[in-house]
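In the numbering used here, the protein residues as written are 336 to 481. Built from N, CA and C at the ideal position, the CB exists for glycine as well. In what follows, a single structure is set out as structure tokens and then discussed.
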């Protein structure tokens, strides 16, 4: 049994498996805080489970490490925990999926797909109204300045 876990650990620690932390795709973070993609393409507070779901759905070999923390993440809350390991390349160095040659392409795909998840689209129903209220408030402020 010990040999099996050692073998598994060596498999997942090899460079073929890349790490993706939710902070990489979070539009609430600055680049200094760990965001790695443009802010207009990033997602609001993605979770490691959401990243795992979209990557597994497209056919990646995925491992979710639930209790890992991003070192630059100051908030120790459960929702910010987690790290996703993805097998980007095969043993011979070729990409596992030809449409994703780089880690950046995987991150951009995940950020593009997470908002389309059912869990996200259901939550968005209530937040649209609050966004509209916010815009109304902004218009009022503009009039006062004149």
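Ignore the nearest five residues each way along the sequence and tell me which others in residue i's own chain have a CB closer than 6 Å to its CB.
{"i": "residue 352", "result": "420 and 422"}
{"i": "residue 364", "result": "358 and 370"}
{"i": "residue 396", "result": "422"}
{"i": "residue 475", "result": "Residue confidence for residue 475 is low, a pLDDT of 47 falling below 50, so the modelled location carries little weight and cannot support an answer."}
Pick from the options: whose alpha carbon is nearest that of residue i?
{"i": "residue 371", "options": "457, 398, 354 and 436", "result": "354"}
{"i": "residue 369", "options": "407, 383 and 403", "result": "407"}
{"i": "residue 402", "options": "396, 409 and 414", "result": "414"}
{"i": "residue 452", "options": "392, 434 and 366", "result": "392"}
Excluding the 5 residues flanking residue i on each side, which residues of the same chain have their C-beta closer than 8 Å to its C-beta?
{"i": "residue 449", "result": "360, 378, 381, 385, 386, 389 and 455"}
{"i": "residue 446", "result": "360, 372, 376, 377, 378 and 381"}
{"i": "residue 430", "result": "423, 424 and 436"}
{"i": "residue 464", "result": "Residue placement at residue 464 is flagged as unreliable, the pLDDT there being 43, under the threshold of 50; the coordinate-derived value follows with that caveat. Counting only Cβ-Cβ distances below 8 Å, and skipping sequence neighbours, we find nothing."}
{"i": "residue 405", "result": "356, 357, 358, 369, 415 and 418"}
{"i": "residue 442", "result": "355, 359, 360, 371 and 372"}
{"i": "residue 374", "result": "362"}
Going by beta-carbon coordinates alone, are residue i and residue j separated by less than 8 Å?
{"i": "residue 383", "j": "residue 398", "result": "no"}
{"i": "residue 356", "j": "residue 411", "result": "no"}
Please list, in chain order, all residues of the same chain as residue i whose beta carbon is under 7 Å from its beta carbon, the five residues on each side excluded.
{"i": "residue 482", "result": "Within the shown structure, residues of the chain are numbered from 336 to 481, placing residue 482 beyond reach of any answer."}
{"i": "residue 438", "result": "353 and 423"}
{"i": "residue 428", "result": "none"}
Is there a C-beta anywhere in chain C that falls below 8 Å from the one on residue i?
{"i": "residue 361", "result": "As a matter of chain content, chain C is missing from the structure shown, which is built from one protein chain."}
Those runs of the beta strand (DSSP E) which lie wholly inside the region 412-457 and span at least 3 residues: Runs of the beta strand (DSSP E) lying entirely within the region 412-457, each at least 3 residues long, are 418-422 in chain order.
My parser needs the beta strand (DSSP E) runs of 3 or more residues fully inside the region 340-405; what are they? With a minimum length of 3 residues, the continuous beta strand (DSSP E) runs that stay inside the region 340-405 are 352-355 and 397-400.
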